[in-house]
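Everything below concerns the one structure shown next.
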Amino acid sequence: MTSDAALPRPGRFRAGLIALAAVPVIQAIWMLTAPRGFYDDFPGLGRSWLPPVSVYDEHLSRDVGAAQLGLAVVLIAAAVLLERRVVQVALIAFLAASVPHAVYHLTTTGSYGTVDNVLSLGGFLAQVALAAWLLSQTRTHRSVSWPASTPSRPPRAARSRG
6 MTSDAALPRP
16 GRFRAGLIAL
26 AAVPVIQAIW
36 MLTAPRGFYD
46 DFPGLGRSWL
56 PPVSVYDEHL
66 SRDVGAAQLG
76 LAVVLIAAAV
86 LLERRVVQVA
96 LIAFLAASVP
106 HAVYHLTTTG
116 SYGTVDNVLS
126 LGGFLAQVAL
136 AAWLLSQTRT
146 HRSVSWPAST
156 PSRPPRAARS
166 RG
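So the working numbering is basically just the index in the sequence shown, starting at one, shifted up by 5.
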């Protein structure tokens with residue numbers, strides 16, 4: 006299905022990309038439809054992580070929700086297309102958004118208790134690790150060696166002309 010090298014174990018990539026897209030999808034829907042509710046109640050289950058670190062800003066919440074929606078679209082498109090380069094771009098985009106966010110939270114743990122820090126940081130690190138691992142699996146391993154006696158090897162002059 007791809008014009009470039011096929012991905013090994015495409016089901017694994019599809020599942021990983023969908024797993025990575027799940028959080029941005031949920032956050033985007035929540036931020037865009039109920040920005041104040043997101044601020045007051047994120048991540049849910051009786052926990053509230055935003056009021057201790059910031060003031061409510063509807064514009065910022067909607068902007069971040071829109072960015073999360075865009076990231077989710079890229080991840081889902083990669084999961085559907087499963088083209089190596091598209092998958093790589095989606096994973097790099099995910100890491101570009103997630104690593105600085107995770108670093109911020111790793112360096113500012115004073116606003117939360119131990120349980121909330123473990124849950125927050127554990128979630129970030131799991132997502133970053135999954136994305137980095139998937140990205141590492143997209144590399145192609147094309148080591149073609151042409152023995153001198155192989156008749157299908159292009160002549161030296163033809164190879165140098167490109």
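From the three backbone atoms N, C-alpha and C, an ideal C-beta is built for every residue, glycine too.
Note that the structure is predicted; figures quoted are calculated from it, not measured.
Please state whether DSSP places R89 in a helix, a strand or coil. Position 84 of the sequence shown, counted from the start, is the residue given in the question as residue 89. Looking at R89 - three-state DSSP - the assignment turns out to be helix.
Taking all protein chains shown into account, do 16 or more other C-beta atoms lie within 10 angstroms of the C-beta of L111, making it buried, or fewer, making it exposed? Counting from one through the sequence shown, the residue named residue 111 turns up at place 106. Of the residues assessed, L111 falls on the exposed side of the cut-off, its CB having fewer than 16 other CB atoms within 10 angstroms.
Alpha helix (DSSP H) containing F18: first to last residue? Counting from one through the sequence shown, the residue named residue 18 turns up at place 13. Taken as a continuous stretch (DSSP letters only), the alpha helix (DSSP H) holding F18 covers 15–38.
Using a threshold of 8 angstroms, state whether the C-beta atoms of L87 and F18 are closer than that. Translated into positions along the sequence shown, residue 87 becomes position 82. Translated into positions along the sequence shown, residue 18 becomes position 13. Yes.
Do you know how far the Cα of G42 is from the Cα of W138? Taking the first residue of the sequence shown as 1, we reach residue 138 at position 133. Taking the first residue of the sequence shown as 1, we reach residue 42 at position 37. Taking the straight line joining both Cα atoms gives about 34 angstroms.
CB contact flag (A33, L80, <8 angstroms): Working through the sequence shown from its first residue, we reach residue 33 at position 28. Working through the sequence shown from its first residue, we reach residue 80 at position 75. Against a cut-off of 8 angstroms, the Cβ pair of L80 and A33 comes out as no contact.
Measuring CB atoms only, is the stretch 93–106 touching the stretch 118–126, in the sense that at least three cross pairs come out at less than 8 angstroms? With a cut-off of 8 angstroms, the stretch 118–126 and the stretch 93–106 do not count as touching, because too few Cβ pairs lie within range.
Taking the alpha-carbon positions, what's the Q132 to A95 distance? What you label residue 132 is simply residue 127 of the sequence shown in a count that begins at 1. What you label residue 95 is simply residue 90 of the sequence shown in a count that begins at 1. Using only the alpha carbons, I get a separation of about 13 angstroms.
Let me confirm a value: V92 is counted as buried when at least 16 other C-beta atoms fall within 10 Å, else exposed. Which label applies? Against the sequence shown, residue 92 aligns to sequence position 87. That one is buried.
Residues near L140 in its chain [Cβ-Cβ closer than 6 angstroms; skip 5 each side]: Counted from its first residue, the sequence shown places residue 140 at position 135. Taken in chain order, the residues that qualify are L96.
What is the DSSP secondary structure of R52, counted as helix, strand or coil? Taking the first residue of the sequence shown as position 1, residue 52 is located at position 47. Strand, per DSSP.
Buried or exposed: where does A84 fall if 16 or more other Cβ atoms within 10 Å of its Cβ makes it buried? What you label residue 84 is simply residue 79 of the sequence shown in a count that begins at 1. Burial call: buried.
Burial state of G115, where buried means 16 or more other Cβ atoms lie within 10 Å: Taking the sequence shown and counting its residues from 1, the one referred to as residue 115 is at position 110. For G115, the number of other beta carbons within 10 angstroms of its own is below 16, and it is reported as exposed.
Going straight from the alpha carbon of L126 to that of A11, what length do you get? For this step, residue 126 is matched to residue 121 along the sequence shown. For this step, residue 11 is matched to residue 6 along the sequence shown. Their backbone Cα atoms lie some 34 angstroms apart in a straight line.
Can you give the Cα-Cα distance for H106 and T143, rounded to whole angstroms? Position 101 of the sequence shown, counted from the start, is the residue given in the question as residue 106. Position 138 of the sequence shown, counted from the start, is the residue given in the question as residue 143. Roughly 24 angstroms separates the two Cα atoms.
Grab me the residues of L65's own chain with a C-beta within less than 7 angstroms of its C-beta, minus the 5 sequence neighbours each way, in chain order. Here residue 65 is taken as the residue at index 60 of the sequence shown, counted from 1. Around L65: no qualifying Cβ.
State the DSSP-derived secondary structure class of Y117, mapped to helix, strand or coil. Locating residue 117 in the sequence shown gives position 112, where the first residue counts as 1. DSSP, reduced to helix, strand and coil, places Y117 outside both helices and strands of the structure shown, so it counts as coil.
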